[in-house]
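Note that the protein sequences, when read in sequence, are chains A and B.
Sequence positions in the first sequence follow my numbering and run 1 to 304.
Sequence positions in the second sequence follow my numbering and run 305 to 476.
Yeah, the Cβ is synthetic: ideal placement off N, Cα and C, and Gly gets one too.
Below is one structure, written out as structure tokens; the observations come after it.
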Amino acid sequence: MNNQEYIEKWLADTLSKEEKTLFEQTDAYRNLQRMDSALKRFTPPQFDAEASFEKIKLRRQKEAKVISLQWPAILRVAAALIIGASVLFYFSDTFFGSSELVYETGIGETREVVLPDQSIVTLNAKSSIAFSKENWQEERTVKLEGEAFFSVQRGEKFQVVTAKGTVTVLGTQFNVKDRNQFYEVICYEGRVQVAANSAPVQLTAKHAYREVRKQTTQAVLEIADTPTWLNKESEFESVPYQEVLSELERQYEVTVKTKDIDITQLYTGRFPNTDLTTALKSVTIPFGLTYQVNGKEILVLHGD
Amino acid sequence: MEGADQHICEERVFRKIFNECSRDLFNFLYYKYGAENHPEDLMQEAFTRLWDNCKKVSPEKARSFLFTVANNQMLNELAKKKTVLNYQKEDQVSQTNESPHYILEENEYMNRLQKAIEELTEEQRVAFLLNRVEGKKHREIAELLGISQKAVEKRIYKAVESLQQKIGNIST
Numbered sequence: 001m002n003n004q005e006y007i008e009k010w011l012a013d014t015l016s017k018e019e020k021t022l023f024e025q026t027d028a029y030r031n032l033q034r035m036d037s038a039l040k041r042f043t044p045p046q047f048d049a050e051a052s053f054e055k056i057k058l059r060r061q062k063e064a065k066v067i068s069l070q071w072p073a074i075l076r077v078a079a080a081l082i083i084g085a086s087v088l089f090y091f092s093d094t095f096f097g098s099s100e101l102v103y104e105t106g107i108g109e110t111r112e113v114v115l116p117d118q119s120i121v122t123l124n125a126k127s128s129i130a131f132s133k134e135n136w137q138e139e140r141t142v143k144l145e146g147e148a149f150f151s152v153q154r155g156e157k158f159q160v161v162t163a164k165g166t167v168t169v170l171g172t173q174f175n176v177k178d179r180n181q182f183y184e185v186i187c188y189e190g191r192v193q194v195a196a197n198s199a200p201v202q203l204t205a206k207h208a209y210r211e212v213r214k215q216t217t218q219a220v221l222e223i224a225d226t227p228t229w230l231n232k233e234s235e236f237e238s239v240p241y242q243e244v245l246s247e248l249e250r251q252y253e254v255t256v257k258t259k260d261i262d263i264t265q266l267y268t269g270r271f272p273n274t275d276l277t278t279a280l281k282s283v284t285i286p287f288g289l290t291y292q293v294n295g296k297e298i299l300v301l302h303g304d
Numbered sequence: 305m306e307g308a309d310q311h312i313c314e315e316r317v318f319r320k321i322f323n324e325c326s327r328d329l330f331n332f333l334y335y336k337y338g339a340e341n342h343p344e345d346l347m348q349e350a351f352t353r354l355w356d357n358c359k360k361v362s363p364e365k366a367r368s369f370l371f372t373v374a375n376n377q378m379l380n381e382l383a384k385k386k387t388v389l390n391y392q393k394e395d396q397v398s399q400t401n402e403s404p405h406y407i408l409e410e411n412e413y414m415n416r417l418q419k420a421i422e423e424l425t426e427e428q429r430v431a432f433l434l435n436r437v438e439g440k441k442h443r444e445i446a447e448l449l450g451i452s453q454k455a456v457e458k459r460i461y462k463a464v465e466s467l468q469q470k471i472g473n474i475s476t
């Protein structure tokens, strides 16, 4: 038996008596013994389980969209800004001076957030951003989940990080969308750099970078100066149908199901974010599809 | 999932799961990310996620749900800090009888060990510390991490190998 086998057996505690006696006379064993006893000092620190549980309860209230006014408790929670559909509570900088700030939107909502340097982020529905106010001076970095439009003040490097990639800019306007299998960056002004699945790519105005199921494409778009969703309209240019339907679900409180439809086909068009019936027509008629509404559930299927 | 009693959305049930799992989850996150990456916050976040999904997750599945969430949590976090794992300093009292040379050597050993542990891959470190510090069985670790027992053993062995290489031999 070689050294490795001894150690493996020792780890699994399966050494026979004789093997143990033999092994215990080796240096390898003494080294392991010493390490093992030293390891006992690496026990994780204690934490206050009660306080933790209270914080979780506090976060849970987000679900019920109740805003608790226990400021001291809130202060102890990193990133616990709780904003429901009615943005009664516009954030107060003084209360959240030291932790990471989080802003989010629900279904069908958009909201504007002013960053410490006066850059403006507009969040589309079902999205969130987080950033640290403390470190803002050193690092202009925003974490994003979902979709947002950025209008960035000139200055040092500005970064938007999502699960799929990082967008780096100097001062410009751009839109980042990171949803399920879909990642898209559109530059509206200036120049941005995108580092995602492929090597870093630079985009200038009206250029888009897109990743669908890890397939990367770049395109020049016929677009306005700002994303249409800022004006309550969702626009798509050659976007997989599935992503269009997902956007519908994020703008209206509905579940969209499909029947016998190719959801990978590409859709170009737009739908209003304020009128469900028109929106449904806009996404079905071009493909010769139809839909059935059943309460909050919508079934999209073939027209005939 | 019979009756509302069994529902995680019930505070009583949720509380029970918290009591049973929070320590393990915290330790797991601590081993994985170290003290500087707020394991307590991450633990709370995992429980919040469990709450968000309380209707979909059965109480029996809660534990593995929590670990799955915790395991994936930091992947899209930025500004991840270096993993730091602190060890408890020895009491002054127990040191008084030791020679200065011994103390020096011991401290040096601890520092080397600490550094070597921090340099392990996340995967190796978690499996290794769950086993050697927590005393968890290979099978339990496999369950927690959702991997095979063989894979657990491999990670632990790799960790031992790497540590032994880095901390070197006992000076005799």
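Report yes if the CB atom of F158(A) is closer than 9 Å to the CB atom of V142(A), and no otherwise. yes
First and last residue of the beta strand (DSSP E) that includes N175(A)? 173 to 179
When H302(A), Q153(A), E109(A) are compared against N231(A), the one with the closest alpha-carbon: E109(A)
Beta bridge counterpart(s) of R135(A) as assigned by DSSP: A small correction: the amino acid at residue 135(A) is Asn; Arg does not occupy that position in the sequence shown. Paired residue(s): none; N135(A) is not in a bridge.
Going straight from the alpha carbon of T200(A) to that of G155(A), what length do you get? What sits at residue 200(A) in the sequence shown is Pro, not Thr. Going by the C-alpha atoms only, they are around 21 Å apart.
9 Å is my cut-off, CB to CB: does T352(B) come that close to chain A? yes
Between which two residues does the beta strand (DSSP E) harbouring Q215(A) extend? 215 to 220
Three-state class that DSSP yields for C358(B) in the structure shown: coil
Alpha carbon to alpha carbon, what distance is there between Y291(A) and K359(B)? 29 Å
Report the rounded CA-to-CA distance for L433(B) versus Y335(B), giving the unit in angstroms. 7 Å
Helix, strand or coil at L382(B) [DSSP, three-state]: Interpretation of L382(B) is limited by its pLDDT of 48, a score under 50 that renders its predicted location unreliable; the figure taken from the coordinates is listed afterwards. Note: L382(B) maps to coil in three-state DSSP.
Simplified DSSP state of N390(B), which is helix, strand or coil: coil
Per DSSP, which residues does R140(A) bridge with? Please list them. F158(A)
With contact counted as at least three CB pairs below 8 Å, one residue from each stretch, are the segment 417 to 431 of chain B and the segment 453 to 463 of chain B in contact? yes
Helix or strand or just coil, what does DSSP make of Y241(A)? helix
Could you tell me which residues DSSP puts in a beta bridge with Q292(A)? L299(A)
Positions along the segment 432 to 445 of chain B whose CB lies within less than 8 Å of some CB in chain A: L433, N435, R436, V437, H442
Which residues of chain B have a Cβ atom closer than 8 Å to the Cβ of I56(A), listed in chain order? F322, Q348, F351, T352, W355
Cα-Cα separation between Y252(A) and S234(A), rounded to whole angstroms: 12 Å
At least one CB of chain B closer than 9 Å to the CB of T43(A): is that the case? yes
Within-9 Å CB hit, L467(B) to chain A: yes
If distances are taken between C-alpha atoms only, which option among V300(A), G165(A), K57(A), K40(A) comes closest to F287(A)? V300(A)
Candidates Q137(A), D225(A), V192(A), L39(A): which alpha carbon is nearest G252(B)'s? Lying outside 305 to 476, the shown extent of chain B, residue 252(B) is not represented and no answer is given.
Would you tell me roughly how many angstroms separate the C-alpha atoms of T204(A) and I186(A), rounded to the nearest one? 9 Å
Contacts that F47(A) makes with chain B (C-beta to C-beta distance below 7 Å): F330, E344
Quick one: is D36(A) near chain B, going by C-beta distance under 9 Å? yes
Min CB distance S326(B) to chain A below 9 Å: yes
Taking the straight line between their C-alpha atoms, what separation do you get for A78(A) and H342(B)? Any reading at A78(A) must be qualified, since the residue scores a pLDDT of 31, below 50, and its modelled position is unreliable; the value itself is stated next. One C-alpha to the other measures close to 10 Å.
Can you grab the Cα-Cα spacing for the pair Q202(A) / V194(A), in whole Å? 6 Å
Is it buried or exposed, V397(B), if we count other Cβ atoms within 10 angstroms and call 16 or more buried? Low confidence applies to V397(B): its pLDDT is 47, below 50, so where it sits in the model is not reliable enough to give any reading.
So is A51(A) buried or exposed if we call it buried at 16+ other beta carbons inside 10 Å? exposed
Return no unless some Cβ of chain B is closer than 9 Å to the Cβ of N2(A). no
If contact is defined by three or more beta carbon pairs under 8 Å, each pair taking one atom from either stretch, is the segment 134 to 153 of chain A in contact with the segment 235 to 242 of chain A? no
Under 9 Å, Cβ to Cβ, is there at least one residue of chain B near S52(A)? yes
Is Y337(B) close to chain A, meaning its C-beta is less than 9 Å from at least one C-beta of that chain? no
Can you name the residues of chain B whose CB is closer than 8 Å to the CB of A12(A)? H442, E457
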